[in-house]
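Numbering (my numbering), first residue to last: 4 to 124.
Using N, Cα and C, we set each Cβ at its ideal position, and we do this for glycine too.
A quick write-up on the structure given underneath.
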Amino acid sequence: MPRITNWRRESRSPTLAYRNTETGARAVLHRAPDSYRYKWRGAILVDGYPVWSRGYETKDAKSFRDQLRKRPAPELSCPECPNDHVLVGEKAADGAKVQRWFDCHDCGYETPSRIVYGAER
């Protein structure tokens with residue numbers, strides 16, 4: 004199996020974690036909270052903001068690594084305008100949950116992210 008371009012593994016057990024060598028983005032496959040629909044959750048985080056996430060029934064590391072191969076340099080960009088210099092802030096904390104905020108200064112686009120669980124930080 005070919006190496007994953009620009010991703011370096013940080014840990015294997017119990018959470019599978021990778022760090023992007025170019026952008027500093029983080030990718031994790033971890034056990035989801037009991038209230039979550041799927042038992043495992045994979046996410047790619049840029050500056051703490053989830054740019055991709057997916058639930059898995061099992062710890063499916065192979066398909067998670069395939070997603071990393073598709074995204075050799077994930078970046079955070081505004082969905083409304085061509086600006087790639089956006090601001091990510093925090094927080095609205097509730098126990099183990101943290102919600103981050105996405106803000107674009109060019110067009111004024113602002114939205115909260117999905118809830119980021121403690122294991123994804």
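Host alpha helix (DSSP H) of residue i (start-end)
{"i": "A64", "result": "64-73"}
Among the options, the one whose alpha carbon lies nearest that of residue i
{"i": "P75", "options": "T61, L19, T24, E13", "result": "T24"}
{"i": "T18", "options": "F67, S80, G51", "result": "F67"}
{"i": "E83", "options": "G27, T114, P77, S16", "result": "T114"}
{"i": "G51", "options": "P77, S14, S16, E13", "result": "P77"}
Start and end residues, beta strand (DSSP E) containing residue i
{"i": "E13", "result": "10-14"}
{"i": "S56", "result": "52-59"}
{"i": "G45", "result": "43-49"}
{"i": "R22", "result": "19-23"}
{"i": "H33", "result": "29-34"}
Three-state secondary structure (DSSP) of residue i
{"i": "T114", "result": "strand"}
{"i": "D106", "result": "strand"}
Length of the line joining the Cα atoms of residue i and residue j
{"i": "V40", "j": "A46", "result": "It should be pointed out that residue 40 corresponds to Arg in this sequence rather than to Val. Answer to the nearest angstrom: the Cα atoms are 15 Å apart."}
{"i": "R124", "j": "A35", "result": "With a pLDDT of 44 at R124, under the threshold of 50, the predicted position of this residue should be treated as unreliable, though the coordinate-derived value follows. Roughly 13 Å between the two C-alpha positions."}
{"i": "A20", "j": "H33", "result": "8 Å"}
{"i": "D63", "j": "K42", "result": "11 Å"}
{"i": "T8", "j": "K65", "result": "15 Å"}
{"i": "A122", "j": "W55", "result": "Its pLDDT being 47, under 50, A122 is placed unreliably in this model, and the coordinates cannot settle the point."}
{"i": "C110", "j": "L48", "result": "23 Å"}
{"i": "G58", "j": "C81", "result": "24 Å"}
{"i": "R11", "j": "T61", "result": "22 Å"}
{"i": "R6", "j": "L71", "result": "10 Å"}
{"i": "D69", "j": "H108", "result": "33 Å"}
{"i": "Y112", "j": "S38", "result": "31 Å"}
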